[in-house]
Every structure is written in structure tokens, then in C-alpha cells.
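Asks:
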Amino acid sequence: MSIPYVSPQEFSAEILRHLKHSLGKDESHASVYDWRMSLSLALRDHVVDPWFASTRRTYEARGKRVYYLSMEFLIGRLIEDVAVNLGLDAVAEEALSALGQDYAAVVANEPDAALGNGGLGRLAACFMDSLSTLGIPAYGYGIRYEHGLFEQHFEDGAQMETAETWLAQRHAWEFERPEVSYPINFGGHVEEHEGKAVWRAGETVVASAYDTPVVGWQAQWANTLRLWAAKSTTAFDLDSFNRGDYMAASAPEALARTISRVLYPDDTTDTGKELRLKQEYFFTSASIQDLLRRFLSEGGDLRALPDFVAIQLNDTHPAIAGPELVRLLIDEHGFEVSQAITTARSCLAYTNHTLLPEALERWPEDLFIRVLPRHHRIIQLIEAAHIAATGSDIRILEHGEVKMGELAFIMAHHVNGVSALHSELVKETVFADLHSDYPGRIINQTNGITPRRWLYSCNPPLRELINETIGTTWPDDLQQLDGLSVHAKDPAFLDKFQAAKDANKTRLSNWLQARDGVSLNPDAMFDVQIKRIHEYKRQLMNLLETVALWNEIRENPNAGWTPRVKIFGGKAAPGYVVAKQIIHLINDAAKVINADPATREYLQIVYPENYNVSMAEILIPATDLSEQISTAGKEASGTGNMKFALNGAPTIGTLDGANVEIRDCVGAENFFLFGLTAAEVTARRAVPEYARRAVEASPRLARVLQQIEGGVFSSDDKTRYSGLVQGLINHDYFLVTCDFDSYFGTQRDVDKAFADKQAWTRMAALNTARVGWFSSDRTISGYARDIWKTPSLISARGS
Ligand code: 26V
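Shown next as C-alpha cells:
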């Protein structure tokens with residue numbers, strides 16, 4: 015399956031047809047929004063044939079399908095993505111220009127689909143792209159949140175949040191499926207009838223499907239992202255209305271809809287909120303019911319379910335899938351308990367994305383029983399079967415809690431970590447006991463990123479240079495970038511590589527100037543740290559280093575400093591007090607430092623508001639230095655690290671997550687390593703007063719901490735950061751103080767390296783050339799081979 019050629023003239027006509035017939039607008043009255051919708055609908059039309067063909071092919075081949083269950087899909091914009099995969103990017107631009115429209119402005123009119131918090135959600139989006147590119151039959155299942163991740167703005171440097179409203183406009187890409195809906199039950203109690211359990215639910219909502227086709231590279235295949243919206247079983251209470259109680263009349267609908275109303279913005283702590291549990295069960299149950307209905311409608315025998323269904327759990331959020339599938343097999347399809355558990359386990363696999371204890375999901379058992387009484391009983395059966403089979407001491411139900419990690423693990427045939435280091439730590443730490451109960455169950459699948467979005471589409475100058483250097487077949491075979499390595503010796507190639515980087519830096523500068531009125535020095539090193547704000551990611555260490563550098567430039571202004579722009583981007587969970595203080599401090603420091611005439615030439619701090627996927631697409635290609643500085647052992651993988659390296663930004667980083675593998679690929683000489691290793695981190699925590707000692711041993715750090723604590727950056731409130739600083743000196747769980755000197759020293763190595771332009775560019779080019787392995791196509795091939803056993807159904811690809 016591939017798409018027939020469409021000329022720009024034909025495509026203009028298609029856009030105009032939608033403008034008239036779908037938007038009901040005349041050209042002379044059309045707004046940017048109208049043009050954007052018309053363009054999107056015209057593109058969407060071209061996705062439908064490959065989409066139907068893929069469905070037909072899967073059906074005819076009786077192919078096994080992958081079901082990727084994820085609370086989050088952090089998609090971003092789709093116009094470019096779809097246009098690029100259809101091979102219509104140039105055509106679309108030409109067609110719109112011919113209509114007198116500014117293509118870039120029309121593309122930028124699309125709101126980000128921000129249905130995720132960060133890495134986990136963005137990974138799910140990259141995986142959807144790769145599943146389609148590889149021709150693996152798959153559905154992504156998630157929630158159609160009315161409000162995505164909150165919007166961030168700064169008031170006097172402090173983060174403020176407002177509701178995100180992407181669905182206030184029509185969503186161009188989805189197909190509403192009112193006929194695809196399932197009842198979802200909550201609460202009530204369980205009765206026994208003739209030895210059979212019967213769940214009498216207390217409350218029921220309806221899950222209603224919305225489908226977005228996801229087309230792969232060159233339209234060879236398209237899968238479906240099916241998102242569930244919560245609706246009421248009784249849309250409107252006419253009795254209340256007739257009594258004149260208009261509020262009560264629409265209460266059922268409003269209540270039901272709260273379930274899919276908003277994305278939880280907290281990826282740091284598991285707060286055990288009832289609504290969150292309901293969200294998890296809501297989308298999981300709908301998805302399991304849906305895949306069973308599809309299987310049965312094709313005449314399948316449920317005992318063979320694992321031959322046709324692979325369910326991947328993106329973290330523990332859909333871990334209730336295990337008990338739900340067991341419940342349906344027992345209660346509705348007459349399975350024996352042990353047969354149901356075995357069958358369900360053969361379908362299920364679980365990906366772990368974090369070792370942070372506070373992010374591991376546990377539900378208070380009484381809450382769980384109240385919301386899901388039948389599942390609580392099923393979990394008791396699962397636990398009993400686990401103990402009978404292994405003699406294990408590990409429990410799912412313990413200390414009045416339901417432990418979702420243990421549940422997901424026990425109900426999965428494979429459990430994977432997301433980088434080599436992380437997977438080893440999963441075996442040694444959180445799941446050490448279960449690892450010995452079930453040897454071989456834990457495997458690794460190192461994360462990846464889609465090169466279509468994260469190189470081809472976000473970085474046109476580099477894309478064109480690669481095309482002219484190694485040809486155009488690399489976007490679905492990224493290891494071909496290796497072919498750039500030989501050119502890294504060629505000064506002419508390096509000049510072009512640098513010219514591409516400079517063009518991207520100019521694009522970023524213009525964008526920031528237009529958006530925020532901020533000017534950047536294009537000759538400065540763009541040093542970028544963009545990710546959620548967390549203590550373990552150590553934005554604070556970056557800021558401390560910035561202040562130390564400021565001190566040193568002031569003291570010695572003529573020492574030939576390498577000019578730097580420190581760029582930060584990212585949101586803090588609204589309830590995460592320390593993260594919000596760190597944001598405030600960065601903004602406060604920016605105000606003082608940017609205003610210092612003595613250092614202005616060499617040092618600038620920029621923190622654009624509301625970092626999101628679209629901002630990443632502008633920042634990453636323009637970056638000179640990638641900051642990946644988490645405490646070793648804490649960042650499960652990272653995926654931003656891969657995006658920067660791919661776009662020619664060397665990393666300054668610790669031996670954490672996928673940094674380890676990136677360094678192995680690009681070579682130690684093209685990576686700025688610093689800091690303690692994971693093993694050293696563990697050892698250091700056992701040293702009494704380790705933070706205080708580290709501060710005492712570093713006059714440079716001690717001075718910076720005194721400045722911050724003394725109010726140098728907060729003259730309006732001199733004690734604003736005393737808690738933050740005292741926290742570092744007294745606890746410093748993430749060893750900012752211990753890694754500071756190593757980090758500062760390595761940054762000075764970076765300064766020197768950057769000053770040698772050609773050597774730096776060579777390093778950057780070798781980063782691009784050597785990270786082809788981090789394509790999410792490679793990752794998904796690994797899942798398909800090791801976990802799902804699903805071949806590609808694109809004939810040219812084989813399995
Ligand atoms: C956790 C929680 C905890 C309970 C409340 C709601 C909530 C929502 C999201 C999360 C996810 C945290 C885990 C996560 O995002 N991990 C990141 O996954 C990336 C993809 O594997 C990986 O690259 C990052 O290193 C890892 O931090």
C-alpha cells in the first residue's frame with residue numbers, strides 16, 4: 015500500500031473543497047483556523063485508504079494484534095507528522111502558498127495534543143508511529159482527556175497553571191464512534207449465586223470511542239489510536255427537568271464526564287485519588303471489552319486468545335487489565351480460575367518506567383474495595399495462585415494496600431525496563447524477589463524515538479544535508495546514518511553541518527524574539543535542559559553551576575570565556591513545592607544575571623514558558639549542548655537525550671539511563687561525562703553528613719549557596735530560598751552537592767572544546783552519525799521479537 019501522487023494543484027482543490035463543504039467558509043472570510051482545519055481534513059482523507067487496507071490485511075492474515083494500553087499519549091501536533099508520512103509535506107506547503115496562505119502559520123495554529131506528562135506519554139506516541147511504520151497490527155488505547163496537561167506561565171518568576179483546552183476547537187484527526195461503547199461499572203457489592211460471583215455495581219458510566227488513524231512512513235500501513243470518552247448512561251434526567259430542577263437534570267452527564275475530564279499532572283507522587291483509580295479502570299476495562307469483542311466477532315476461541323492478542327501495559331496505570339481480563343473470562347465466559355489466570359498472563363506484558371518509590375502505584379485497600387469489589391476478590395485469587403506456584407513471600411495485598419507493581423509483574427509473561435542500566439536495577443532493587451521467583455521474566459528494551467518527527471520533520475536543514483550525503487532512505491532505516499561518519503573528516507561537510515545548526519539557531523532566536531521579545535546571541539553556545547522539573551533531574555545543579563560561572567566571569571572578565579545561553583524548559587507538578595521553588599529561583603537568577611552588564615556578553619539565562627512537544631521541536635535542532643545530568647540510577651532511560659544527540663548536540667551527562675548506551679555508541683571522546691556512578695551514589699548515601707562535607711570541600715559551591723540563601727537573587731524576599739538551600743545542605747538526597755565540582759569542571763572542558771569550532775562540529779556530526787540505533791523502530795522490533803511475537807504484515811519487510 016502506498017499513496018498515488020497528488021499534485022499541488024489537486025491538493026489545493028481538495029483544501030478548498032473542505033473549506034467550503036466541511037467548514038462552510040468562503041475563501042475571502044476564512045481564518046487561519048479555517049485553513050488549518052481544511053488542510054488537516056484534506057490530509058486525513060489520504061490516510062483513510064491505507065488505514066482500511068491495513069485493517070483488511072490484518073483480518074485476512076488472521077494476524078496477531080498488539081494492544082498498547084497507556085494513560086498518556088503525548089502527541090503534539092499532527093499536520094506535519096501526517097504530511098511527512100504521506101510524502102505530501104512539500105505538496106501541502108506549495109498548495110497552501112498557492113492559496114495565498116503562510117504554511118508555517120497554518121501549521122502553528124494547531125494546538126498540541128498534550129495528553130501526557132512527559133517521557134512516558136511521548137514514548138507511547140513514538141511507539142504508535144513505529145508500529146505503523148513497521149506494519150505491525152496495533153491499537154493504542156487511552157483516554158480522550160477534555161483537558162490535557164495544564165498550561166504554564168510565570169508570575170514574578172513563579173509557575174502558575176491554567177487549564178488546557180484543546181477540545182474547545184474541533185479535533186480534525188479523530189473519527190467519533192458513537193456505536194462503539196461499553197458500560198463501565200464501579201462500586202456496589204459482590205453476591206454469590208450457586209457458587210458464581212455476581213457483581214452488583216453501584217454506578218455505571220459509558221466509555222465511547224474516538225479513533226485517530228496513525229499512518230506510518232510512506233503510508234505503507236496505518237493503525238488506530240482509540241481514545242475513550244466517559245459519558246452518562248442516562249444523558250438527561252427528564253424527571254428533574256420537568257420538576258424545574260435544571261441543575262439536577264444534567265447532573266448524571268456532568269458526573270460521568272468528570273472521569274475523562276482532565277489529565278493528572280503529577281508524575282512524581284502517587285496520591286491515591288479515587289478519581290485516578292476510576293480513570294485507570296475506565297479506560298482499561300473499555301479496552302479489554304473492546305479487544306474481546308473484536309476477537310469473538312472474528313470467531314475466535316478464547317482459549318487461543320494469547321495467539322492473537324498481545325497487551326502491553328505502559329507502566330502500572332493499566333495494571334487492572336490483569337484482574338479485569340481474568341474477571342471477564344471467569345464471570346462471563348465460564349473459565350476456571352487457574353485457566354483464566356494462565357490465559358490472561360499469556361496475553362499481558364508490563365513495562366516499568368521508574369524506580370522512584372514515591373511514583374510506584376499503591377492503592378489503599380479500603381478505597382480499592384469500595385471502587386472495584388469484584389477485582390479485589392480476583393486479586394486475592396491471583397495472589398493465592400502466585401504463592402501456590404512459587405512459595406514466594408511477595409504479596410500484592412499488604413499493609414492495607416494494593417501494590418500495582420507486584421500485580422502487573424505477577425500477571426505479565428514479560429516485564430521490561432527501558433534502558434540497559436535501568437533493567438538491571440529493576441532486577442536488583444524494586445523487583446529483586448519477584449525476579450528470583452520468576453527468573454527470565456525481566457528483560458530490557460531500550461527506549462527509542464521516531465526519526466520522522468525528531469529529525470526529518472523538526473530539522474529541515476539537517477535532513478537536506480543528510481539526503482544529499484547518504485541518500486533518502488534513512489528515515490525508516492536509521493542505522494544508515496552511520497554512512498555520515500566517513501564525512502566527519504571532510505571540512506566541506508562539516509561546514510555544511512555547522513551551517514544547518516546555525517540556521518536552526520537563527521530559527522529559534524527569531525521564534526523567541528517574536529514570542530517573548532527575547533534576543534539571543536547566535537554565536538553563543540546554546541546549552542539546553544528541557545524536561546519535567548524534578549529534584550532527581552537536577553535542574554538545580556545546572557542553576558548552581560550557572561551562578562558559579564557568573565561569579566567567575568565577574569572576577570575575571572578577560573579570561574576568554576565561551577559565551578553561553580543557558581536555556582531551561584519544563585513544568586513542575588502543581589503540588590510539587592520544591593520543584594516550583596527551583597523554577598522560581600531560575601527565573602529570579604535570570605533577572606539578576608541577565609541584567610549584569612559585566613557578564614551579559616558571556617552569560618544569559620532563558621526560560622520560555624509552557625514547554626511542550628512543539629517547543630521541543632524548535633529547541634532541540636538549535637541546541638549545541640544537551641544537559642542529561644540526573645543522579646545516576648534515577649532516570650530510567652530518558653528520551654530527550656536521544657533527540658539531542660540525533661540532532662547533533664553532544665551531551666554533558668552522568669552514567670544514567672540510556673546515557674550509558676548513547677555514550678557507548680557515540681564514543682567516550684564525543685560525550686562529556688561527569689559525576690558519581692549508580693553504585694557510588696548508593697555508597698555515598700551511607701556516608702554521614704555527605705552533603706555538608708561536599709559543601710565544605712567546595713568553596714565555589716559554598717559561595718553560591720551563601721549568595722542564594724542570602725537573597726542575592728531575591729532582594730524582595732531575602733529568605734525565599736533558605737529552605738531550598740538548607741534542604742541541600744541537610745538532606746540532598748539527589749547528591750547535587752557531591753556531583754557539583756565534577757559538573758563544574760566538565761563544563762569548563764566543554765567551554766574549551768566549543769572554542770575549537772571545527773573539532774566541535776565534528777563531535778556534533780559524529781553524534782548524529784552514531785545514534786541511529788535509538789530509532790523507536792529498533793525498539794518496537796525488539797518488543798515484537800521478544801515479547802509480542804508479531805511479524806510485520808508489510809510484505810516488503812518480512813518479519
Ligand atoms: C507516574 C505517576 C505516578 C502516579 C500518579 C500519576 C503518574 C503519572 C505518570 C507517572 C509516570 C512516571 C514515569 C515516567 O514518566 N517515566 C519516564 O519514562 C520515560 C519513558 O520510558 C523514561 O525515558 C524516563 O526516564 C522516565 O522518567
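To get this note's numbering, take the position in the sequence shown, counting from 1, and add 14. Using N, Cα and C, we set each Cβ at its ideal position, and we do this for glycine too.
My guess is that residue 550 and residue 441 are in contact by the Cβ rule of under 8 Å, so how many angstroms apart are they, rounded?
Replies: On the sequence shown, position 536 is the one that residue 550 refers to. On the sequence shown, position 427 is the one that residue 441 refers to. Between residue 441 and residue 550 the Cβ distance is about 20 Å, and since that is not below 8 Å, they are no contact.
Asks: Classify residue 197 as helix, strand or coil using the three-state DSSP reduction.
Replies: Within the sequence shown, residue 197 is the residue found at index 183, counting from 1. Strand, per DSSP.
Asks: Determine, using beta-carbon pairs with one atom in the stretch 710 to 729 and one in the stretch 749 to 762, whether at least three such pairs fall under 8 Å.
Replies: As far as the Cβ criterion goes, the stretch 710 to 729 touches the stretch 749 to 762, which means the pair count is three or higher.
Asks: What do you reckon, is the C-beta of residue 437 under 6 Å from a heavy atom of ligand 1?
Replies: Against the sequence shown, residue 437 aligns to sequence position 423. No.
Asks: Check for me: the beta strand (DSSP E) holding residue 580 runs from which residue to which?
Replies: The count along the sequence shown starts at 1 and reaches residue 580 at position 566. Counting along the chain, the beta strand (DSSP E) containing residue 580 begins and ends at 578 to 583.
Asks: Per the DSSP calculation, residue 431 is bridged to which residue(s)?
Replies: Within the sequence shown, the letter at position 417 stands for residue 431. Bridge partners of residue 431: 458.
Asks: Around the C-beta of residue 209, are 16 or more other C-beta atoms found within 10 angstroms, so that it is buried, or is it exposed?
Replies: The residue given as residue 209 occupies position 195 in the sequence shown. Answer is exposed; the Cβ neighbour count stays below 16.
Asks: Measuring CB atoms only, is the stretch 154 to 172 touching the stretch 189 to 200, in the sense that at least three cross pairs come out at less than 8 Å?
Replies: Contact between the stretch 154 to 172 and the stretch 189 to 200 is absent, because fewer than three Cβ pairs lie under 8 Å.
Asks: Does the Cβ of residue 367 have 16 or more other Cβ atoms within 10 Å, making it buried, or fewer, making it exposed?
Replies: Counting from one through the sequence shown, the residue named residue 367 turns up at place 353. Residue 367 comes out buried.
Asks: Can you look up residue 242 in the DSSP assignment and give me helix, strand or coil?
Replies: On the sequence shown, residue 242 is found 228 positions in, with the first residue counted as 1. Strand at residue 242.
Asks: Mind checking whether residue 97 and residue 57 have CB atoms under 7 Å apart?
Replies: Here the question's residue 97 lines up with position 83 in the sequence shown. Here the question's residue 57 lines up with position 43 in the sequence shown. Yes; because the gap between Cβ atoms is below 7 Å, this pair is in contact.
Asks: Decide if the stretch 603 to 619 is in contact with the stretch 433 to 453; the criterion is three or more beta carbon pairs, one per stretch, under 8 Å apart.
Replies: The stretch 603 to 619, when compared against the stretch 433 to 453, does not touch it at the 8 Å Cβ threshold.
Asks: Find the nearest neighbour of residue 663 within the set 29, 540 and 599, judged by alpha-carbon distance.
Replies: The residue given as residue 663 occupies position 649 in the sequence shown. When each option's Cα is compared against that of residue 663, the closest is 540.
Asks: From which residue to which residue does the alpha helix (DSSP H) around residue 727 run?
Replies: Residue mapping note: residue 727 aligns to position 713 of the sequence shown, counting from 1. Per DSSP, residue 727 belongs to no alpha helix (DSSP H) and is neither H nor E.
Asks: Compare the C-alpha of residue 738 against each of 270, 599 and 770 and name the closest.
Replies: Your numbering for residue 738 matches position 724 in the sequence shown. Per the Cα distances, 599.
Asks: Please name the residue in 141, 131 and 706 whose C-alpha comes closest to that of residue 459.
Replies: As a first step, residue 459 is located in the sequence shown; it is residue number 445 there, counting from the start. Looking at the Cα atoms, 141 is the closest of the given residues.
Asks: At what residue ranges does the stretch 251 to 303 contain a whole run of the alpha helix (DSSP H), taking only runs of 4 or more?
Replies: Qualifying alpha helix (DSSP H) stretches, in chain order: 252 to 256 and 260 to 271.
Asks: Measure from the alpha carbon of residue 765 to the alpha carbon of each residue in 221, 578 and 170, then state which is nearest.
Replies: As a working mapping, residue 765 is identified with position 751 in the sequence shown. Minimum Cα distance to residue 765 is reached at 578.
Asks: With DSSP run on the structure shown, which of helix, strand or coil describes residue 425?
Replies: Numbered from 1 along the sequence shown, position 411 holds the residue referred to as residue 425. Residue 425 falls in the coil class under three-state DSSP.
Asks: Could you please give the first and the last residue of the uninterrupted alpha helix (DSSP H) stretch that includes residue 567?
Replies: Translated into the one-based positions of the sequence shown, residue 567 becomes position 553. Where residue 567 is concerned, the enclosing alpha helix (DSSP H) stretches over 553 to 569.
Asks: Near residue 813, what residues of its chain come up, given a Cβ to Cβ distance below 8 Å and the 5 sequence neighbours on each side ignored?
Replies: The residue you call residue 813 lines up with position 799 of the sequence shown. Reliability of the predicted coordinates at residue 813 is poor, the pLDDT of 44 falling under 50, and the value obtained from them is presented with this limitation in mind. Hits under 8 Å: 805 and 806.
Asks: Should residue 745 be labelled buried (16 or more other beta-carbon atoms within 10 Å of its own) or exposed?
Replies: Position 731 of the sequence shown, counted from the first residue, corresponds to residue 745. The residue is exposed, with fewer than 16 neighbouring Cβ atoms inside 10 Å.
Asks: If I'm right that residue 81 touches residue 155 with Cβ under 8 Å, what's the distance once you round it to whole angstroms?
Replies: The sequence position of residue 81 within the sequence shown is 67, counting from 1. The sequence position of residue 155 within the sequence shown is 141, counting from 1. Residue 81 to residue 155, Cβ: 6 Å. Contact.
Asks: Apart from the five residues just before and just after residue 215, which ones in its own chain have a Cβ nearer than 6 Å to its Cβ?
Replies: On the sequence shown, residue 215 is found 201 positions in, with the first residue counted as 1. Within the same chain, residue 215 has close Cβ partners 199 and 202.
Asks: Would you mind giving the Cβ-Cβ distance between residue 665 and residue 658, rounded to the nearest angstrom? I have them listed as a contact below 8 Å.
Replies: Translated into positions along the sequence shown, residue 665 becomes position 651. Translated into positions along the sequence shown, residue 658 becomes position 644. Right, their Cβ atoms sit about 7 Å apart.
Asks: For my contact list, residue 594 and residue 586 are in at a C-beta cut-off of 8 Å; report their separation, rounded to the angstrom.
Replies: As a position in the sequence shown, residue 594 is number 580, starting the count at 1. As a position in the sequence shown, residue 586 is number 572, starting the count at 1. The pair is a contact, with the Cβ atoms about 5 Å apart (cut-off 8 Å).
Asks: For residue 563, which residues from the same chain have a beta carbon less than 7 Å from its beta carbon, with the 5 sequence-adjacent residues on both sides left out?
Replies: Within the sequence shown, numbered from 1, the residue matching residue 563 stands at position 549. Hits under 7 Å: 617.
Asks: Cβ-heavy atom distance between residue 373 and ligand 3 below 6 Å?
Replies: Among the ligands present in this structure, namely ligand 1, ligand 3 is not found.
Asks: Please list, in chain order, all residues of the same chain as residue 383 whose beta carbon is under 8 Å from its beta carbon, the five residues on each side excluded.
Replies: The residue labelled residue 383 in the question sits at position 369 within the sequence shown. Excluding residues within five positions, the ones whose Cβ falls inside 8 Å are 390.
Asks: Between residue 696 and residue 644, what straight-line distance do the alpha-carbon atoms span, to the nearest angstrom?
Replies: Your numbering for residue 696 matches position 682 in the sequence shown. Your numbering for residue 644 matches position 630 in the sequence shown. Distance between the alpha carbons of residue 696 and residue 644 is about 14 Å.
Asks: For the pair the stretch 20 to 30 and the stretch 104 to 113, tell me if three or more CB-CB distances fall below 8 Å.
Replies: Contact holds: three or more Cβ-Cβ distances are below 8 Å.
Asks: Within 10 angstroms of its Cβ, does residue 651 collect 16 or more other Cβ (buried), or is it exposed?
Replies: Residue 651 sits at position 637 when you count from the first residue of the sequence shown. Buried.
Asks: In chain order, what residues of the same chain have a beta carbon less than 6 Å from the beta carbon of residue 278, not counting five sequence neighbours either side?
Replies: The residue given as residue 278 occupies position 264 in the sequence shown. 290, listed in sequence order.
Asks: For residue 113, which residues from the same chain have a beta carbon less than 8 Å from its beta carbon, with the 5 sequence-adjacent residues on both sides left out?
Replies: Start at 1 with the first residue of the sequence shown, and residue 113 comes out as number 99. Excluding positions up to five away in sequence, the list reads 26, 29, 30, 41 and 49.
Asks: Looking at residue 789 and residue 371, is the spacing between their C-beta atoms short of 7 Å?
Replies: The residue given as residue 371 occupies position 357 in the sequence shown. The residue given as residue 789 occupies position 775 in the sequence shown. No. Outside cutoff.
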